[in-house]
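J.: Protein chains in written order, with this note's numbering: chain P, 695 to 1134; chain F, 3 to 203. The beta-carbon is built from N, C-alpha and C at its ideal position, and this holds for glycine as well.
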Amino acid sequence: MNQLRRARQELMSKAVARKPASAAPAALCLALLCAPWLGPAGAQVDEWVPELPMLQDCGVSARAIGMGGAYLAISDDAAALRYNPAGLARINRIEFSGTLTDIKRDVETVSAGTTLEGSLARTRVTSLGFVYPFPTYRGSMVIALGYSVPWIIDREYRRAWGAAGGVSIDELYDDGTVGEWSFGYAVDVSPTLSLGLRASRIHGSWLRDSRCLQDGAIIEQWSTEYDVDGYTGSLGALARMGNQMKLGLIIDLPRWIHWDPTESSKDGVIRYAKEDLTYPFSAAVGTAVAFGNLLLAGDARYTDWTLIDYKGPMRYLDASGMHDAYRRTWDLHLGAEYLLDVGGAGLRLRAGYAYEPVPCRVLLQDVILAEDPADDQPVYARANFGAQLGHVTLGAGILLQQSVTLDLAYSTGSFGRAVWGLSEEHDERRLLLTAAFRLE
Amino acid sequence: MTPRSKSMPPAGSAARLLPAVLACAIALSTAGCFTMLRHPVVQSSPASDSSGTCQDCHSGYGAMDMLGFSWIDYYSASSYPWINYYGSPWWYESRWQPYRPEAHDQDECVATPLRVLGRWGWGHGNRISADGADNSARRQERAPHLRLPAVAPRLPATAARPPRATEEESQSADEKGEDGQREKNQKDPKKEKPQPRVLRR
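#1: Based on DSSP bridge pairs, tell me the residues matched to serine 959(P).
#2: As an exercise, report each continuous beta strand (DSSP E) stretch of at least 3 residues that is fully enclosed by the region 1000-1083 of chain P, in chain order.
#3: Can you give, in chain order, each stretch of the beta strand (DSSP E) that sits fully within the region 888-935 of chain P and has at least 3 residues?
#4: Measure the beta-carbon distance from arginine 1021(P) to proline 1053(P) and round it to whole angstroms, keeping in mind my assumption that it falls under 8 Å.
#5: In whole angstroms, what separates the C-alpha of glycine 890(P) from that of phenylalanine 36(F)?
#6: By Cβ distance below 7 Å, which residues in the same chain neighbour isoleucine 945(P) in space, the five residues on each side in sequence not counted?
#7: If I measure Cβ to Cβ from leucine 1043(P) and keep anything under 6 Å in the same chain, skipping five residues before and after, which residues do I get?
#8: Where do the N-terminal and C-terminal ends of the alpha helix (DSSP H) with tyrosine 88(F) fall, by residue?
#9: Roughly how many angstroms lie between the CA atoms of glutamate 850(P) and asparagine 937(P), to the nearest whole one?
#10: Can you give me, in chain order, the residues of the region 937-960 of chain P that have a beta carbon less than 9 Å from any beta carbon in chain F?
#11: Buried or exposed: which applies to serine 959(P), given that a residue is buried once 16 or more other Cβ atoms fall within 10 Å of its Cβ?
#12: Looking at the structure shown, is glutamate 741(P) part of a helix, part of a strand, or coil, going by DSSP?
#13: Return no unless some Cβ of chain F is closer than 7 Å to the Cβ of tyrosine 831(P).
#14: Do we get a CB-CB distance below 7 Å when we pair arginine 787(P) with the residues of chain F?
#15: Report the neighbours of arginine 1132(P) on chain F: residues whose CB is nearer than 7 Å to its CB, in chain order.
#16: For the candidate residues Ala1103(P), Pro829(P) and Thr793(P), whose alpha-carbon lies nearest to that of histidine 41(F)?
#17: On the DSSP bridge list, what partners appear for tryptophan 875(P)?
#18: Roughly how many whole angstroms lie between the Cα atoms of isoleucine 1092(P) and alanine 1103(P)?
#19: Can you find a CB in chain F that lies within less than 7 Å of the CB of aspartate 882(P)?
#20: Could you name the residues of chain F that methionine 748(P) contacts, counting a contact when the two beta carbons are closer than 9 Å?
#21: Do you know offhand how far proline 827(P)'s Cα is from alanine 991(P)'s?
#22: At 4 residues or longer, what runs of the alpha helix (DSSP H) sit wholly inside the region 749-837 of chain P?
#23: Which first and last residues belong to the beta strand (DSSP E) in which phenylalanine 1131(P) is found?
#24: Could you check where the beta strand (DSSP E) with phenylalanine 36(F) kicks off and where it finishes?
#25: I need the straight-line Cα distance from glycine 1080(P) to proline 885(P), nearest angstrom please.
#26: How would you label isoleucine 797(P), buried or exposed, when you count the other beta carbons within 10 angstroms and need 16 or more for buried?
#27: Taking its Cβ as the centre, do 16 or more other Cβ atoms sit within 10 Å of glutamine 1135(P), making it buried, or is it exposed?
#28: Counting only Cβ-Cβ distances shorter than 8 Å, please list the residues of the region 809-833 of chain P near chain F, keeping chain order.
#29: Suppose contacts are defined by Cβ-Cβ distances below 7 Å. Is serine 925(P) in contact with tryptophan 953(P) by that definition?
#30: Leucine 1093(P) touches chain F at which residues, Cβ-Cβ below 7 Å?
#31: By Cβ distance, which residues of its chain are closer than 8 Å to alanine 725(P), with the 5 residues on each side in sequence left out?
#32: By alpha-carbon positions, which one of Ile847(P), Thr793(P), Ala1075(P) and Gly873(P) ends up nearest to alanine 1112(P)?
#33: Just to check my reading of the structure: threonine 918(P) and serine 899(P) have Cβ atoms closer than 8 Å, yes? What is that Cβ distance to the nearest angstrom?
#34: Alpha carbon to alpha carbon, how far is alanine 783(P) from tyrosine 1004(P)?
#35: Considering only DSSP beta bridges, list what aspartate 1135(P) is partnered with.
#36: Check whether chain P comes within 7 Å of alanine 159(F), counting only Cβ atoms and requiring the distance to be less than that.
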């Protein structure tokens, strides 16, 4: 790594010598901000391993998030369309539901001796659902339609870079969401087993505003708009073990995505070629057990992020060779719900914990500039993650008139990571409100 | 330029396969399924000497099991509104209303529509707990406004013919009343299956 650093410094000095001093930070900005997302044709695109969006599921149900996301084996409302479609078979009244999410993300970076903070908060509609149970003489058959927004891209990121011309600052402002239009179907195949499936069309867009500043002045700025389309689905099962326990299993199919970037700046509009991206499948298993008024739930999800296919495997090069930039993760969710009788009305209190490791394990440490920006070389390093606290969640829900439920959830979490020359601290806070109405 | 991974098919072809995979999954999951959307057509067997009523096929209290509602104990410990929210099918009155055992066909089986509180009791109203105690009194005490309705019939698994009861046996069965039903429910239901008429679907 030290040899690489010396090589980087030599190259930087040579590259800078060939350019006017004032242009060096701008060139660095351009190389840093453009290449990771657009994968320039003809360049060594496999060496760029950007941290992709849509890696974190922000949740689409206040009851689920209030229980730490441990909803796989519960799934007895419209949120089952997303958490476990087999749970739709447990619904026997026509249901309409919707969710609002307020999310706030803070990112603090320390690099080149400069501490910068980025903060962004948004409120969005993150789910709409409709469930229709068919009348049956025995068993259950249910269909559902829904729109959910599990991926909220909103974020502001600021980072300082040290260069021969001084310290420059990159600012990235992401604004947008990617959602799913879904159809779900569930049926009882035996007295104790339900099967379900979900088919989804992924659709969304987000805008990235990029700016490079030096000494407080904007050197360069442009906007890139990403239009996303794709398909995915899931297969689920829910089994009843006695009267107090349920087991759930779900397999989320790969997400086949293509996005269409368009860049606009003062120099005009550049439309890039569509790119294909495939996120890997994941599998999860969960259980829920009732002890009187107390409901306990837990689930574990496995995802092999090394299978991401974006112009090939996501691998990076360092002094010791080629390595996977992403890793395999186990997400763990634990939750509890307590049922209270308050003056004849139903009140449920919830708490939970979600441990969701960050799939990308590298950070862009530096960029070796070349005369041709297309030949710039990224320098990645495996990040050291601090104690990942995960997300702590709290929630409450109430039943009104035996037909309407209102649920509220609060989730807070953070993580930190660092490489030589850069450290990041990410904090996230989410507030969800879900309302559901069941026809009698 | 690094070539694309050849192990992953283009996104377009994979997306086209997805509907076919899902359709197969739907077909397989519903073939010979436990779930029934229609009442089977009942056909009298020429050799049958049964009374020809719904009771020939369906047993009495506790016959309809809320099989899919496994959280009944979780919610029954609390107020009935939650039970009504989760355990009360919107189609109850058209499919699972209280039936009249003496009726001769499905239409006659369905009683006059009557909305009864405590639908959670349907199927579990007189269910005997594992320790043999009768929970109906306990539930009444917790929610005295609940009435325990007669239970909708459950179709037996086999198509054997029930034995015809003699007049004396019928009278003694009437005299037993609810006690007789409790005793019946205490027994292992698997060993005490009624002998149904031939069913034609």
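T.: Working from what's here:
#1: Residue 959(P) sits at position 265 when you count from the first residue of the first sequence. Answer is Trp916(P) and Gly962(P).
#2: 1009-1012, 1015-1018, 1022-1036, 1039-1049, 1056-1062 and 1071-1076
#3: 911-935
#4: Here residue 1021(P) corresponds to residue number 327 of the first sequence, with the count starting at 1. Here residue 1053(P) corresponds to residue number 359 of the first sequence, with the count starting at 1. About 6 Å separates the two Cβ atoms, so the contact holds.
#5: Position 196 of the first sequence holds residue 890(P). Position 34 of the second sequence holds residue 36(F). For glycine 890(P) and phenylalanine 36(F), the distance between alpha carbons rounds to 14 Å.
#6: If you number the first sequence from 1, residue 945(P) lands on position 251. Contacts found: Ser928, Leu929, Phe975 and Ala977.
#7: The sequence position of residue 1043(P) within the first sequence is 349, counting from 1. Taken in chain order, the residues that qualify are Tyr1032 and Ala1090.
#8: Mapped onto the second sequence, residue 88(F) falls at position 86. Membership of tyrosine 88(F) in the alpha helix (DSSP H) is indicated by the continuous run 82-89.
#9: As a working mapping, residue 850(P) is identified with position 156 in the first sequence. As a working mapping, residue 937(P) is identified with position 243 in the first sequence. In this structure, the CA atom of glutamate 850(P) is about 48 Å from the CA atom of asparagine 937(P).
#10: Asn937, Gln938, Met939, Lys940, Leu947, Pro948, Trp950, Ile951 and His952
#11: Your numbering for residue 959(P) matches position 265 in the first sequence. That one is exposed.
#12: Reading the first sequence from its first residue, position 47 is the one you call residue 741(P). Looking at glutamate 741(P) - three-state DSSP - the assignment turns out to be helix.
#13: Taking the first sequence and counting its residues from 1, one reaches residue 831(P) at position 137. By this cut-off, tyrosine 831(P) is an interface position.
#14: Counted from its first residue, the first sequence places residue 787(P) at position 93. Yes, because at least one Cβ of chain F sits closer than 7 Å to the Cβ of arginine 787(P).
#15: Within the first sequence, numbered from 1, the residue matching residue 1132(P) stands at position 438. Per Cβ cutoff of 7 Å: Tyr87.
#16: Position 39 of the second sequence, counted from the first residue, corresponds to residue 41(F). For the residues Ala1103(P), Pro829(P) and Thr793(P), the minimum Cα distance to histidine 41(F) belongs to Pro829(P).
#17: Taking the first residue of the first sequence as position 1, residue 875(P) is located at position 181. Paired residues: Tyr841(P) and Arg895(P).
#18: Looking up residue 1092(P) in the first sequence gives position 398. Looking up residue 1103(P) in the first sequence gives position 409. C-alpha separation (whole angstroms): 12 Å.
#19: Here residue 882(P) refers to the residue found at position 188 when the first sequence is read from its first residue. Output row for aspartate 882(P): interface = yes.
#20: Locating residue 748(P) in the first sequence gives position 54, counting from the first residue. By Cβ distance, chain F contributes nothing, its closest Cβ being about 14 Å from methionine 748(P), past 9 Å.
#21: Indexing the first sequence from 1 puts residue 827(P) at position 133. Indexing the first sequence from 1 puts residue 991(P) at position 297. One C-alpha to the other measures close to 25 Å.
#22: 756-760 and 774-777
#23: One-based indexing of the first sequence puts residue 1131(P) at position 437. Start and end: 1116-1132.
#24: Position 34 of the second sequence, counted from the first residue, corresponds to residue 36(F). Taken as a continuous stretch (DSSP letters only), phenylalanine 36(F) belongs to no beta strand (DSSP E), as it is neither H nor E.
#25: Along the first sequence, read from residue 1 onward, the residue named residue 1080(P) stands at position 386. Along the first sequence, read from residue 1 onward, the residue named residue 885(P) stands at position 191. Cα to Cα, the separation comes out at about 47 Å.
#26: Locating residue 797(P) in the first sequence gives position 103, counting from the first residue. By the 10 Å Cβ count, isoleucine 797(P) comes out buried.
#27: With chain P covering 695 to 1134 only, the question about residue 1135(P) has no answer from this structure.
#28: Answer in chain order: Pro827, Phe828, Pro829, Thr830, Tyr831, Arg832 and Gly833.
#29: Stepping through the first sequence from its first residue, residue 925(P) is reached at position 231. Stepping through the first sequence from its first residue, residue 953(P) is reached at position 259. For the record, residue 925(P) in the displayed sequence is tyrosine; it is not serine. The answer is no: Cβ separation not under 7 Å.
#30: By one-based count along the first sequence, residue 1093(P) stands at place 399. Residues of chain F with a Cβ closer than 7 Å to the Cβ of leucine 1093(P) are, in chain order, Pro83, Trp84 and Tyr87.
#31: Residue numbering aside, residue 725(P) sits at position 31 when the first sequence is read from its first letter. With a pLDDT of 40 at alanine 725(P), under the threshold of 50, the modelled position of this residue cannot be trusted; read the value that follows with caution. Val1061, Leu1063, Pro1067 and Asp1070, listed in sequence order.
#32: Position 418 of the first sequence holds residue 1112(P). The shortest C-alpha separation from alanine 1112(P) is found at Ala1075(P).
#33: As a first step, residue 918(P) is located in the first sequence; it is residue number 224 there, counting from the start. As a first step, residue 899(P) is located in the first sequence; it is residue number 205 there, counting from the start. Rounded, the Cβ-Cβ distance is 11 Å, inconsistent with contact.
#34: As a position in the first sequence, residue 783(P) is number 89, starting the count at 1. As a position in the first sequence, residue 1004(P) is number 310, starting the count at 1. Straight-line Cα distance between these residues: approximately 37 Å.
#35: As shown, chain P starts at 695 and ends at 1134. That puts residue 1135(P) outside it, with no answer to give.
#36: As a working note, residue 159(F) is residue 157 in the second sequence. Residue confidence is low: alanine 159(F) scores 44 on pLDDT, short of 50, so the model does not pin down where it sits. Its coordinate-derived value is still stated next. No, its Cβ sits nowhere closer than 7 Å to a Cβ of chain P.
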